[in-house]
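Residue numbers (the working numbering), protein chains in the order written: chain A, 1 to 313; chain B, 1001 to 1434; chain C, 2001 to 2193.
Dropping the structure here:
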């Protein structure tokens, strides 16, 4: 595997299989009484979260701790990330602290790439701007494989604001890499033109797509004012694209409903739909820890740049 | 103290304006070329052996940012003209987006004075078209013309309305040889832009600016030039359709000229996949098709000049998140090498045309009569000598105060050895003499 | 490559070890934990042998020790991970760890640490098919199929039908083998980690 995980383009299909298989073992660890293994004992993992995300940060924190690593949290809003201190200066401080891995979430696309220039440790992208969120995609692939037994040939629709969604990008790249059949669905203003270059199809009619799906993956639709220039109203969006009770009926038997969270109940997904058994949204959370443990293990478990050379003997 | 007598012996003299391309000696005396020919008598001249070197008219950059007054942490007239000299330039035209803005004769005078103190390159300050670059009220164009300014531009910003541009073009017609240069960008399509809008920007999660943001304004500006009969120059072309519009306008007899930067001739939007902020420029690097059209346009003369748009920024500004970094790359020290390495060597442009674009055309457009050749007896000695085979890598230290180079780390073939300005060596053996 | 055990040898060895286990340990409270990825198959076979002798069903678990290895971060890539499946509580039980080859002892050290995290066994015993010597830690096997003297540079491999198509053990002289199964051999290493 690569030294860093910044994008789904950093992993091959073989890497993905390896990550998912390794995550299986970590899921089993999660069922034990002592949910901890000593694999990364003595290593330091830093969570550098410029964007508030309790859910993802805790997931990474648990993952690192269950591997016996030491965890440092730098979260904005807290006192740790000082306002005005440049990303570079923060990076150099972390470097001085001996961070073996830095998990970064930031609102600027590409910031993990900048970070790799200034630190020697492994960098994991926990979401950068509207670019990518590879660990989310991997845990989603894990959930799909676990529930449906395979990834190749799966028919998946990603519905919603694809244009501004880093999850949509990572998931599309990941699914296409694993041989799945991906359709992006949403208003024309929210799907990038030329998206078919990514190996996906595009549709603006969710009702046409639903009956032929194995997975319906819903994206959160931002309802802040700037977003509203892309569609006339939340009500219209929900009417045209929202997964409501009647639409659920047209999904095939055994198909999955997924959402990266947090949900806008009543917009992209109706409340009662979110709570159906087909909806595996809860699983996505549990699997997140196992997948993140697998990633930390695979990145830090090998020598890489930051490990020492093994002397012969 | 007069300038020394110099004999440049055995260089390949490439002089597009004079129609010469042959090995010859060039004798320089009292600030001017005294003689050009084979086997010249050195007499009391200092001999500079130039075997293997090319001797050409000193380069002229008609679009550069020296940042003084106001942004001296990025560059000063002194450091900028030194960088220019090291890059083979004998004349540069700094844009007006300083602080204060160069919208009247006093700021022009200040820039000229700094240039005279540094005494490294001839400086032709560009005046603003509108006061404060605000795009509303015309700047003191007449006063600046009297102060010797010939080119006016609000570069950094686009002249916001057709009406303002029309008025400026019409007003400028009262003066001889005045050119209005526009930075063509429709701000309503480009707000918040980080790069070219296309599948690359969608993949990288960066806000994009479509080519149409430039093309629509190029169209507008050409129509204004057509309407008024004024002289228009289009700054830093970046897209294929803009090139087409200029080609058609020239064929129609509209008085329009155009320039392109070295980085737009080399890079595309795909090169941004590493989020290297040195490639964050405005106008952005566009598609491979656009780059192709720019190269063709330069080769066939639709694009008159290569201009660096040298845009220094402090290290801490560029070493930031991509969307926080300012736009721009430095270019004075690398322009010639880039042209030689990326265009001439692969056969995309012949050497004579490249030198024409780097020297003769910009000199003509600026009205810088002492520059651009021809290299002939009696003409001011503004020359560059370069080794077309020297291999080097673009890396710090730079002569410019800043080091945000799009070409960082790239291997180049071709390097300036000497730069002669008004008969005196500004650069000798690759190093500035002052 | 020379053969040190053939299929019949393996069969006899496992039968003998099963007898020894039954003789020395009581079958109630007895569990077998095989170390992936060949020890587990041996453990299942032992359980079947014990069932023939004593009419007792001894539970079998599979233990992957990758996360407990002492060379994480020292090999080029992170060690490959296998499944752990132990469907019973180890607390209070007599656990017989089963592995194919005993060499430096580091795998067993890791296995014991893993077991301790899963519960508190009453006692732990060790059964191996091949003991090739060269211990680096104070670890010894309680039940041994065959003692095979080797050099440091030798590579000893056990094969089991379930994985390799046949039963047996081979020794390859002179090539530095991995100390842990599944670990890529690191160039220049003369001996195990």
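Using N, Cα and C, we set each Cβ at its ideal position, and we do this for glycine too.
Collapsed DSSP secondary structure at residue i in the structure displayed
i: residue 272(A); result: helix
i: residue 47(A); result: strand
i: residue 241(A); result: helix
i: residue 1184(B); result: coil
i: residue 1196(B); result: strand
i: residue 1124(B); result: coil
i: residue 151(A); result: coil
i: residue 1050(B); result: coil
i: residue 136(A); result: helix
i: residue 2166(C); result: coil
i: residue 1335(B); result: helix
i: residue 57(A); result: helix
i: residue 1242(B); result: helix
i: residue 2019(C); result: helix
i: residue 29(A); result: helix
i: residue 1266(B); result: helix
i: residue 2(A); result: coil
Pick from the options that is closest to residue i, judged by C-alpha positions
i: residue 6(A); options: 114(A), 286(A) and 73(A); result: 114(A)
i: residue 1219(B); options: 1153(B), 1163(B), 1143(B) and 1184(B); result: 1184(B)
i: residue 2100(C); options: 2112(C), 2132(C) and 2015(C); result: 2132(C)
i: residue 119(A); options: 129(A), 97(A) and 138(A); result: 97(A)
i: residue 1425(B); options: 1383(B), 1271(B), 1403(B) and 1192(B); result: 1383(B)
i: residue 70(A); options: 130(A), 46(A) and 54(A); result: 46(A)
i: residue 1275(B); options: 1207(B), 1086(B) and 1363(B); result: 1207(B)
i: residue 247(A); options: 137(A), 269(A), 136(A) and 112(A); result: 269(A)
i: residue 1178(B); options: 1149(B), 1065(B), 1273(B) and 1333(B); result: 1149(B)
i: residue 1344(B); options: 1389(B), 1372(B), 1331(B) and 1009(B); result: 1389(B)
i: residue 1350(B); options: 1048(B), 1011(B), 1021(B) and 1007(B); result: 1021(B)
i: residue 995(B); options: 241(A), 132(A), 245(A) and 260(A); result: Absent from the structure is residue 995(B), since the part of chain B shown begins at 1001 and ends at 1434.
Other residues of its chain near residue i: CB distance less than 6 angstroms, five sequence neighbours each side excluded
i: residue 2001(C); result: 2170 and 2172
i: residue 1358(B); result: 1059 and 1306
i: residue 99(A); result: 44, 46 and 121
i: residue 1127(B); result: 1096, 1102, 1144, 1149 and 1152
i: residue 1056(B); result: 1014, 1355 and 1384
Chain-order list of residues whose beta-carbon lies under 7 angstroms from that of residue i (same chain, five-residue window excluded)
i: residue 1381(B); result: 1028, 1031, 1032, 1033, 1420, 1422 and 1423
i: residue 1135(B); result: 1154, 1157, 1159, 1160 and 1164
i: residue 1394(B); result: 1334, 1405, 1407, 1408, 1409, 1410 and 1412
Minimum Cβ-Cβ distance from residue i to chain A less than 8 angstroms
i: residue 1234(B); result: no
i: residue 1189(B); result: no
i: residue 2042(C); result: no
i: residue 2117(C); result: yes
i: residue 1205(B); result: yes
i: residue 1433(B); result: no
is_contact[residue i, chain B] using C-beta, thresh 8 angstroms
i: residue 12(A); result: no
i: residue 169(A); result: yes
i: residue 90(A); result: no
i: residue 27(A); result: no
i: residue 160(A); result: no
i: residue 166(A); result: yes
i: residue 106(A); result: yes
i: residue 302(A); result: no
Min CB distance residue i to chain E below 8 angstroms
i: residue 1227(B); result: Of the protein chains in this structure, namely A, B and C, none is chain E.
Contacting residues, own chain, Cβ-Cβ under 8 angstroms from residue i (five flanking each side not counted)
i: residue 2150(C); result: 2132, 2133, 2134, 2156 and 2171
CB contact below 8 angstroms: residue i versus chain C
i: residue 116(A); result: no
Below 9 angstroms between beta carbons is the criterion; list the residues of the stretch 177 to 200 of chain A that meet it against any residue of chain B, in chain order. 192, 193, 194, 195, 197 and 198
Residues of the stretch 1319 to 1349 of chain B in Cβ contact with chain A at a cutoff of 7 angstroms, in chain order, please. Taken in chain order, the members of the stretch 1319 to 1349 of chain B whose beta-carbon sits within less than 7 angstroms of a beta-carbon on chain A are 1319, 1320, 1321, 1322, 1323 and 1324.
Members of the stretch 2060 to 2080 of chain C that neighbour chain A once the beta carbon cut-off is set at 7 angstroms: 2064, 2067, 2068, 2072, 2073, 2074, 2075, 2076, 2077, 2078 and 2079
Listed from N- to C-terminal order along the chain, which residues in the stretch 228 to 243 of chain A have their beta-carbon within a distance smaller than 8 angstroms of any beta-carbon of chain B? For the stretch 228 to 243 of chain A, the set of residues with a beta-carbon nearer than 8 angstroms to any beta-carbon of chain B is empty.
Can you pull out the residues from the stretch 278 to 300 of chain A whose beta carbon lies closer than 7 angstroms to at least one beta carbon of chain C? 297, 298 and 300
What residues in the stretch 123 to 141 of chain A bring their beta carbon closer than 8 angstroms to a beta carbon of chain B? Those residues of the stretch 123 to 141 of chain A that come within reach of chain B (Cβ to Cβ, closer than 8 angstroms) are 128, 129, 130, 131 and 132.
Check distances from the C-beta atoms of the stretch 2131 to 2149 of chain C to those of chain A and list, in chain order, the residues that come in under 7 angstroms. Cβ contacts with chain A: none found.
Chain A contacts made by the stretch 1243 to 1272 of chain B, where a contact means CB separation under 9 angstroms: So the close ones are 1272.
Give, in chain order, every residue of the stretch 2095 to 2107 of chain C whose Cβ lies closer than 9 angstroms to some Cβ of chain A. none
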